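Trainee: Numbering (the working numbering), first residue to last: 1 to 57.
By construction, the Cβ of each residue, glycine as well, lies at the ideal position given by its N, Cα and C atoms.
In this text the structure is predicted, and so the values were computed from the model without any measurement.
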Amino acid sequence: MAKVKITQVRSTIDRPIDQKRTIKALGLGKINRTVEHELTPQIKGMIEKVKHLLSVE
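And the structure:
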């Protein structure tokens with residue numbers, strides 16, 4: 001399966017709790033932190049929920 005690099009580029013301050021939990025579940029939490037995940041349907045859905053806070057490669 002394909003790998004995807006996810007970088008948090010915006011803060012979670014003043015965001016709904018479900019978006020904060022999604023960011024935490026992806027392994028992020030600080031701006032400019034980058035993680036690498038397999039692109040599964042679950043990860044793709046999580047990225048879609050908070051795509052306005054992320055940069056995806």
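Can the beta-carbon of valine 4 be found closer than 8 Å to that of histidine 52?
Mentor: Walking along the sequence shown from the start, residue 4 turns up at place 4. Walking along the sequence shown from the start, residue 52 turns up at place 52. Inclusion of valine 4 and histidine 52 in the CB contact set at 8 Å is not warranted, their separation being larger than that value.
Trainee: Tell me whether valine 35 is buried or exposed, calling it buried when 16 or more other Cβ atoms sit within 10 Å of its Cβ.
Mentor: The count along the sequence shown starts at 1 and reaches residue 35 at position 35. Counting Cβ neighbours within 10 Å, valine 35 comes out exposed, since fewer than 16 surround it.
Trainee: Around the C-beta of valine 50, are 16 or more other C-beta atoms found within 10 angstroms, so that it is buried, or is it exposed?
Mentor: Locating residue 50 in the sequence shown gives position 50, counting from the first residue. Its Cβ being crowded by 16 or more others within 10 Å, valine 50 is buried.
Trainee: What is the residue span of the alpha helix (DSSP H) that isoleucine 47 lies within?
Mentor: For the purposes of this step, residue 47 is taken as the residue at position 47 of the sequence shown. Start and end: 41-49.
Trainee: If leucine 54 sits next to glutamine 19, beta carbons under 8 Å apart, how far is it from one beta carbon to the other, in whole angstroms?
Mentor: Your numbering for residue 54 matches position 54 in the sequence shown. Your numbering for residue 19 matches position 19 in the sequence shown. Contact doesn't hold; Cβ gap of about 11 Å is too wide.
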